[in-house]
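Inspection log for the structure reproduced underneath, given as structure tokens.
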Amino acid sequence: MNARRRTVLAAGAAGAAALATGCGSDGGDGGDGGDGGDTSAAPTASAGATDSASPGASGGVELARTEDIPVGGGTVFKERKVVVTQPEEGEFRAFSAVCTHASCLVSTVSDGTINCPCHGSKYSITDAAVEAGPAPRPLPAERISVSGGAIRLA
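Residue 336 in the numbering used here sits at position 90 of the sequence shown, with consecutive numbering throughout.
See below:
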């Protein structure tokens, strides 16, 4: 009976790995794979530099102007399901606004955390790491570009 169970578990693990690989994003954020990927490499953009992934004239949706995102805080864009933070002056980061616990939208950014109103999960504005549960994993990173004072989804 143990041999059969190991076979089923091994097959289940292989299927889960294939599913995670097939559903992964090219953003390198770990997606829903639950692999606890390093979110410290979350996409960032500096106001002073043009990002090479800049969407150009035909590019991404402008979310905000750099001056609209408070230093040490952030803004939730509910219609785009994105939250943009500015942990330090000139450093902008973006994450999914969908809580990893129960898929509620986060609602506020205050005191250095991105906050979900449903069950009290809190995420760091720097790397979206879970600071208070019940969220099981960080918010996935979103790609943005910052150029000419505009913050755009990449």
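Positions of the beta carbon are idealized from the N, C-alpha and C atoms, including for glycine.
Reduced DSSP category for residue i - H, G, I as helix; E, B as strand; rest coil
i	result
GLU313	helix
ALA374	coil
PRO382	coil
ALA400	coil
GLY294	Because GLY294 carries a pLDDT of 38, less than 50, the predicted location of this residue cannot be relied on, and no value is offered for it.
VAL307	coil
GLU388	coil
Straight-line Cα distance separating residue j from residue i
i	j	result
PRO380	SER370	14 Å
CYS362	THR372	16 Å
GLU377	GLY395	30 Å
SER391	ASP314	15 Å
PRO328	ALA400	Correcting the residue type first, residue 328 is Val in the shown sequence and not Pro. Going by the C-alpha atoms only, they are around 12 Å apart.
VAL355	GLY318	9 Å
GLY366	ILE360	10 Å
PRO382	ALA375	10 Å
ARG398	LYS324	15 Å
ALA343	VAL322	7 Å
GLU334	THR346	25 Å
N-terminal and C-terminal residue of the beta strand (DSSP E) that residue i is part of
i	result
GLY329	For the record, residue 329 in the displayed sequence is Val; it is not Gly. Where VAL329 is concerned, the enclosing beta strand (DSSP E) stretches over 328 to 334.
GLY319	319 to 323
Below-8 Å beta-carbon distance, residue i vs any chain B residue
i	result
THR331	Chain labels in this structure do not include chain B; a single protein chain is all it has.
- Query: Curious, which full-length beta strand (DSSP E) runs of at least 3 residues does the stretch 340 to 366 contain?
  - Reply: 354 to 356, 359 to 361
- Query: Is it a yes or a no for the stretch 342 to 352 touching the stretch 309 to 320, going by three-plus beta-carbon pairs under 8 Å?
  - Reply: no
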